[in-house]
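Yeah, the sequence shown ends on 317 if you go by our numbering, and it's all consecutive.
Heads up, the beta-carbon is just placed ideally off N, CA and C, and yes, glycines get one too.
Treat the numbers as computed from the prediction; the structure is a model and nothing was measured.
Working notes, beginning with the structure itself.
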Amino acid sequence: MIVDVNNKKSVRSAFGNALCKVGEKNQDVVVLDADLSCSTQTQIFAKKFPERFFDCGIAEQDMMATAAGLASQGKIPFVSSFAVFVTGRTYDQIRNSICYPSFNVKIVGTHGGVTVGEDGASHQALEDVSLMRGLPNMTVIVPADAKECEKAVEFAAEHKGPVYIRIPRGNVAEVFGDDYLFNINKAVIMEEGSDVSVIANGETLAPVLQAAEMLKKDGISVEVIHLPVVKPFDVNTVIESIKKTKHAVTVENHSIIGGLGSAVCEAVCENFPAEVLRIGINDTFGQSGDSDSLLEYYGLTAGAVYEKIKSKLKDWK
Numbered sequence: 001m002i003v004d005v006n007n008k009k010s011v012r013s014a015f016g017n018a019l020c021k022v023g024e025k026n027q028d029v030v031v032l033d034a035d036l037s038c039s040t041q042t043q044i045f046a047k048k049f050p051e052r053f054f055d056c057g058i059a060e061q062d063m064m065a066t067a068a069g070l071a072s073q074g075k076i077p078f079v080s081s082f083a084v085f086v087t088g089r090t091y092d093q094i095r096n097s098i099c100y101p102s103f104n105v106k107i108v109g110t111h112g113g114v115t116v117g118e119d120g121a122s123h124q125a126l127e128d129v130s131l132m133r134g135l136p137n138m139t140v141i142v143p144a145d146a147k148e149c150e151k152a153v154e155f156a157a158e159h160k161g162p163v164y165i166r167i168p169r170g171n172v173a174e175v176f177g178d179d180y181l182f183n184i185n186k187a188v189i190m191e192e193g194s195d196v197s198v199i200a201n202g203e204t205l206a207p208v209l210q211a212a213e214m215l216k217k218d219g220i221s222v223e224v225i226h227l228p229v230v231k232p233f234d235v236n237t238v239i240e241s242i243k244k245t246k247h248a249v250t251v252e253n254h255s256i257i258g259g260l261g262s263a264v265c266e267a268v269c270e271n272f273p274a275e276v277l278r279i280g281i282n283d284t285f286g287q288s289g290d291s292d293s294l295l296e297y298y299g300l301t302a303g304a305v306y307e308k309i310k311s312k313l314k315d316w317k
């Protein structure tokens with residue numbers, strides 16, 4: 001699958017517009033933000049439904065507890081802030097006030113991964129997926145582009161129970177069209193192959209598809225699996241692919257500990273032991289820099305992924 005990297009759209013704007021769409025459909029949808037509505041793009045909802053928008057200020061823990069209270073009264077709160085704050089600073093409230101009673105709160109963390117850029121390590125969420133997938137009753141979604149973000153928000157509004165959606169700061173190449181059907185229980189096989197299974201999600205999917213095209217020119221057949229739903233995890237699709245290729249690679253804009261790479265390794269260990277190469281942030285904090293430079297530095301560009309997979313396949317053979 002060839003991706004047009006010049007055709008990029010804002011996932012955050014797609015999130016804001018999707019909120020308006022679900023808000024029109026359901027009067028119980030309310031939105032809370034922590035004084036970041038211009039950055040998260042919840043301002044789009046705020047302008048359309050000011051009576052259902054609550055700016056809680058720089059008080060994320062209070063915002064999360066407020067969302068729990070609203071959910072207890074039948075509302076469907078979408079709570080948004082930077083991913084590092086909306087999951088880390090509020091972990092106790094999410095655990096005890098939302099997941100434990102399984103309240104119907106939807107948490108959307110924007111600015112995920114190192115691509116937050118110049119704000120640096122203090123603002124780069126590299127462990128948010130790990131935090132959220134460890135919580136009982138929580139569903140964890142990492143959309144790959146603007147269209148999938150819209151679909152994920154629509155799903156979350158209908159789903160009963162806590163949901164975490166993680167989206168990036170920057171614009172992302174369009175991978176899916178209007179006909180894309182989001183399925184909470186199924187991963188998406190983007191490309192079929194026989195030599196190696198490469199599993200990705202979020203903004204790393206586009207460079208993985210590019211890397212797969214580069215590897216194809218070298219005679220390497222890559223099966224590309226998009227796994228937007230880290231929890232619940234589609235074990236069958238992943239394991240059936242690895243049974244065919246015998247090798248697996250995971251690629252994520254997140255720590256290789258606790259996120260997609262860990263989820264795949266857990267599934268592999270229990271179902272079909274195979275070697276797995278995890279490509280992501282290697283147990284370190286991020287740093288300040290423009291997003292493209294950081295992707296290059298941490299080896300998450302198409303070229304870097306291509307080189308790492310090609311080198312590892314030589315070792316495996």
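Paired residues, beta bridge with residue i - DSSP
i: residue 16; result: Partner(s): none; residue 16 has no beta bridge.
i: residue 116; result: None, per the DSSP bridge assignment.
i: residue 189; result: 225
i: residue 169; result: Bridge partners of residue 169: none, in fact.
i: residue 141; result: 165, 229
i: residue 317; result: None; residue 317 has no bridge partner.
i: residue 249; result: 198, 277
Length of the line joining the Cα atoms of residue i and residue j
i: residue 163; j: residue 196; result: 31 Å
i: residue 89; j: residue 104; result: 20 Å
i: residue 228; j: residue 214; result: 23 Å
i: residue 287; j: residue 231; result: 28 Å
i: residue 300; j: residue 72; result: 41 Å
i: residue 186; j: residue 193; result: 18 Å
i: residue 69; j: residue 93; result: 11 Å
i: residue 309; j: residue 25; result: 45 Å
i: residue 275; j: residue 220; result: 17 Å
i: residue 51; j: residue 95; result: 28 Å
i: residue 272; j: residue 283; result: 26 Å
i: residue 39; j: residue 180; result: 27 Å
i: residue 257; j: residue 64; result: 26 Å
i: residue 47; j: residue 239; result: 46 Å
i: residue 148; j: residue 216; result: 26 Å
i: residue 290; j: residue 74; result: 42 Å
i: residue 22; j: residue 85; result: 25 Å
i: residue 6; j: residue 206; result: 11 Å
i: residue 62; j: residue 177; result: 38 Å
i: residue 29; j: residue 82; result: 20 Å
i: residue 130; j: residue 4; result: 30 Å
Continuous alpha helix (DSSP H) stretch holding residue i: start and end
i: residue 103; result: No alpha helix (DSSP H) holds residue 103; DSSP gives it neither H nor E.
i: residue 298; result: Run containing residue 298: none; DSSP gives neither H nor E here.
i: residue 33; result: Careful: residue 33 lies outside any alpha helix (DSSP H), inside the beta strand (DSSP E) at 29-33.
i: residue 236; result: 235-245
i: residue 199; result: Looking at the DSSP string, residue 199 is not in any alpha helix (DSSP H); the run it does join, the beta strand (DSSP E), is 196-200.
i: residue 72; result: 60-72
Supposed close pair residue i, residue j - CB separation, criterion 8 Å
i: residue 114; j: residue 294; result: 5 Å
i: residue 172; j: residue 226; result: Residue 172 to residue 226, Cβ: 13 Å. No contact.
i: residue 112; j: residue 58; result: Actually they are not in contact, since the Cβ atoms of residue 112 and residue 58 sit about 19 Å apart, beyond 8 Å.
i: residue 107; j: residue 79; result: 5 Å
Unbroken beta strand (DSSP E) run spanning residue i, endpoints
i: residue 275; result: 275-281
i: residue 77; result: 76-82
Touching by the beta-carbon criterion (3+ pairs, under 8 Å), the segment 129-144 and the segment 91-107:
yes
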